[in-house]
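**Student:** Numbers 15 to 317, taken from this note's numbering, label the letters of the sequence shown in order.
Even glycine gets a Cβ: it sits at the ideal position worked out from N, Cα and C.
Quantities reported herein were computed from a predicted structural model and do not represent experimental measurements.
This is the structure I want to talk about, given as structure tokens.
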Amino acid sequence: MDLPNNPLINSTLGLLDGDLKSQQDHTEGTQVWGSDSSLTLATINALSNGYNLIDIMNEFEKWYAEGKYTANGQIQTIGKTTQGAILRFSENHDPFSSGGIAEDDNGSGALTRMMPVILYLYSQYGSDFINNETAMLTLHQIAGLTHNHPRGLVGIGLYAILIGQILDGFDLEMALDRAVGLAYEYYSEHDIFAEALSEFENLNTPDFVNKPMKELKATGYIVDTLEVITWVLLNTDSYDAAMKLTVEIPGKSHAILPLVGTVAAIIYQQHDYPSDIVTHDMQTELETLLNKAVLSGKFAIYS
Numbered sequence: 015m016d017l018p019n020n021p022l023i024n025s026t027l028g029l030l031d032g033d034l035k036s037q038q039d040h041t042e043g044t045q046v047w048g049s050d051s052s053l054t055l056a057t058i059n060a061l062s063n064g065y066n067l068i069d070i071m072n073e074f075e076k077w078y079a080e081g082k083y084t085a086n087g088q089i090q091t092i093g094k095t096t097q098g099a100i101l102r103f104s105e106n107h108d109p110f111s112s113g114g115i116a117e118d119d120n121g122s123g124a125l126t127r128m129m130p131v132i133l134y135l136y137s138q139y140g141s142d143f144i145n146n147e148t149a150m151l152t153l154h155q156i157a158g159l160t161h162n163h164p165r166g167l168v169g170i171g172l173y174a175i176l177i178g179q180i181l182d183g184f185d186l187e188m189a190l191d192r193a194v195g196l197a198y199e200y201y202s203e204h205d206i207f208a209e210a211l212s213e214f215e216n217l218n219t220p221d222f223v224n225k226p227m228k229e230l231k232a233t234g235y236i237v238d239t240l241e242v243i244t245w246v247l248l249n250t251d252s253y254d255a256a257m258k259l260t261v262e263i264p265g266k267s268h269a270i271l272p273l274v275g276t277v278a279a280i281i282y283q284q285h286d287y288p289s290d291i292v293t294h295d296m297q298t299e300l301e302t303l304l305n306k307a308v309l310s311g312k313f314a315i316y317s
């Protein structure tokens with residue numbers, strides 16, 4: 015596959031690889047990725063034309079109703095929070111009221127597809143996008159299209175800042191330390207988010223890397239997910255090792271593989287096309303979408 019080696023391409027290929035591995039836990043030998051990849055591809059395609067919340071939701075609708083962005087054109091299963099958001103948008107066409115705001119809307123669905131949004135913001139504002147209210151509003155609004163509970167938005171903000179620090183060249187341990195500090199500083203100044211910070215205290219402990227694996231939980235809850243992916247990446251030194259360690263985590267660990275693949279591919283500049291995608295049509299469609307994104311300049315990262 016003739017694609018450039020850059021954070022957008024690498025993270026997307028890592029996502030696809032992790033998603034395929036996750037799907038194969040349920041259907042052995044499948045060559046079909048899941049909704050995490052499909053909705054990320056929808057996000058990339060929409061942002062390639064610039065920031066527009068309605069455009070993003072329109073692409074989500076096409077995925078939901080028509081199977082667009084899937085590997086085989088078929089309708090996929092969907093999380094209840096994302097489904098509810100798409101149905102609300104279909105009814106009222108208001109992207110600002112579509113996202114779930116209930117306690118149980120703090121899953122990891124939006125988190126898993128946020129990497130292109132982070133790269134978009136990093137390209138526009140640099141790693142200090144946390145100091146730009148327009149950038150942070152953009153981050154929260156895109157995440158909030160489906161998952162709009164304050165705690166979930168804090169989790170996505172922390173994740174975004176962490177990726178920004180990694181792109182700045184910090185090793186993961188230092189990037190985490192800096193990201194936690196920056197996130198706490200920012201969100202503590204916003205009343206709607208401040209009370210959610212206590213949920214992320216485990217990531218703010220100096221000895222987090224040595225936390226016993228048995229104390230981790232792969233539940234789908236955004237706080238647990240952030241802890242798992244961070245712990246796995248702190249305790250491994252290669253892309254393959256991170257993917258292998260992930261499935262040893264107690265709980266629904268295979269569901270976290272797409273996100274681990276996304277971040278590990280950024281850290282290790284993994285640029286391999288997933289071997290499980292073998293059809294020419296799949297490769298051609300992916301290459302067209304991703305090359306469009308690269309040529310748009312919306313995700314350009316310069317070292």
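Leaving out five residues on either side along the sequence, give the residues of the same chain with a beta carbon under 6 angstroms from the beta carbon of residue 94.
**Tutor:** Nothing meets the Cβ criterion.
**Student:** Once DSSP output is grouped into helix, strand and coil, what is the label at residue 235?
**Tutor:** Correct three-state label for residue 235: strand.
**Student:** Along the chain, where does the alpha helix (DSSP H) that runs through residue 261 open and close?
**Tutor:** Note, residue 261: premise wrong, no alpha helix (DSSP H); not H, not E.
**Student:** Please list, in chain order, all residues of the same chain as residue 266 whose beta carbon is under 8 angstroms from its beta carbon, the five residues on each side excluded.
**Tutor:** 232, 233, 234, listed in sequence order.
**Student:** Using DSSP bridges, identify the partner residues of residue 114.
**Tutor:** Beta-bridge pairing links residue 114 to 161.
**Student:** For the alpha helix (DSSP H) containing residue 38, name the first residue and the last one.
**Tutor:** That run of the alpha helix (DSSP H) goes 21-38.
**Student:** Kindly list the residues whose CB is nearer than 8 angstroms to the CB of residue 198, restricted to its own chain and excluding five residues on each side of it in sequence; keep chain order.
**Tutor:** Excluding sequence neighbours, residue 198 sits near 211, 218.
**Student:** From residue 57 to residue 96, what distance separates their C-alpha atoms?
**Tutor:** Cα-Cα distance, rounded: 14 angstroms.
**Student:** Is the Cβ-Cβ distance between residue 23 and residue 181 less than 9 angstroms?
**Tutor:** Cβ atoms of residue 23 and residue 181: not closer than 9 angstroms.
**Student:** Considering only the beta carbon of each residue, do residue 26 and residue 304 sit closer than 9 angstroms?
**Tutor:** It is a contact, given that the beta carbons lie within the stated cut-off.
**Student:** Pull up the distance between the alpha-carbon of residue 104 and that of residue 184, whole angstroms please.
**Tutor:** Spanning the two alpha carbons is a distance of roughly 42 angstroms.
**Student:** What did DSSP end up calling residue 121 once you bin it into helix, strand or coil?
**Tutor:** Three-state DSSP puts residue 121 in a strand.
**Student:** Using a Cβ-Cβ cutoff of less than 8 angstroms, which residues in the same chain neighbour residue 19 once the five nearest sequence positions on both sides are dropped?
**Tutor:** Within the same chain, residue 19 has close Cβ partners 283, 285.
**Student:** Quick one: using the 10 Å Cβ neighbour count with 16 as the cut-off for buried, is residue 31 buried or exposed?
**Tutor:** Answer is buried; the Cβ neighbour count reaches 16.
**Student:** Verify whether the separation of the beta carbon atoms of residue 240 and residue 134 is less than 9 angstroms.
**Tutor:** No, they are not a contact pair.
**Student:** Starting from the C-beta of residue 149, find all residues in its chain whose C-beta is less than 8 angstroms away, skip the five residues before and the five after it, and write them out in chain order.
**Tutor:** Counting only Cβ-Cβ distances below 8 angstroms, and skipping sequence neighbours, we find 135, 138, 139, 143.
**Student:** Which value, in whole angstroms, describes the spacing of the CA atoms of residue 110 and residue 166?
**Tutor:** Looking at the two C-alpha atoms, the distance is approximately 16 angstroms.
**Student:** How big is the Cα-Cα spacing for residue 253 and residue 34?
**Tutor:** So the alpha carbons of these two residues sit roughly 15 angstroms apart.
**Student:** What is the rounded straight-line gap between the Cα of residue 63 and the Cα of residue 52?
**Tutor:** Each residue's Cα considered, the two are about 18 angstroms apart.
**Student:** Could you compute how far the alpha carbon of residue 124 sits from the alpha carbon of residue 249?
**Tutor:** Their Cα atoms are separated by approximately 25 angstroms.
**Student:** Using a Cβ-Cβ cutoff of less than 6 angstroms, which residues in the same chain neighbour residue 85 once the five nearest sequence positions on both sides are dropped?
**Tutor:** Cβ within range, chain order: 46, 47, 296.
**Student:** Here's a check: name, in chain order, each residue in its chain whose Cβ is nearer than 6 angstroms to the Cβ of residue 5, leaving out the five neighbours to either side.
**Tutor:** With the chain represented from 15 up to 317, any question about residue 5 goes unanswered, as that position is not in the structure.
**Student:** Is DSSP giving residue 313 helix, strand or coil here?
**Tutor:** Three-state DSSP puts residue 313 in coil, outside helix and strand.
**Student:** How many angstroms separate the CA atom of residue 121 from the CA atom of residue 236?
**Tutor:** One C-alpha to the other measures close to 5 angstroms.
**Student:** Once the 5 residues before and after residue 146 are set aside, which same chain residues still bring their CB inside 7 angstroms of it?
**Tutor:** Closer than 7 angstroms at the Cβ level, and outside the excluded window around residue 146, lie 139.
**Student:** With respect to the alpha helix (DSSP H) encompassing residue 202, which residues constitute its N-terminal and C-terminal limits?
**Tutor:** From DSSP, residue 202 is part of no alpha helix (DSSP H); its letter is neither H nor E.
**Student:** Can you tell me the Cβ-Cβ gap for residue 216 and residue 222, rounded? I've got them flagged as a contact below 8 angstroms.
**Tutor:** Between residue 222 and residue 216 the Cβ distance is about 6 angstroms, and since that is below 8 angstroms, they are a contact.
**Student:** Where residue 41 and residue 100 are concerned, what is the direct C-alpha to C-alpha distance, given to the nearest angstrom?
**Tutor:** Cα to Cα, residue 41 sits roughly 27 angstroms from residue 100.
**Student:** For residue 52, report the span of its alpha helix (DSSP H) as first-last.
**Tutor:** From DSSP, the alpha helix (DSSP H) with residue 52 extends over 49-61.
**Student:** For residue 312, count the other beta carbons within 10 Å of its own beta carbon; 16 or more makes it buried, fewer makes it exposed. Which is it?
**Tutor:** Residue 312 should be labelled buried.
**Student:** Can you grab the Cα-Cα spacing for the pair residue 289 / residue 275, in whole Å?
**Tutor:** About 14 angstroms.
**Student:** Give the single residue among 315, 300, 299, 277 whose Cα lies nearest to the Cα of residue 129.
**Tutor:** Checked all of 315, 300, 299, 277; the closest Cα to residue 129 is 277.
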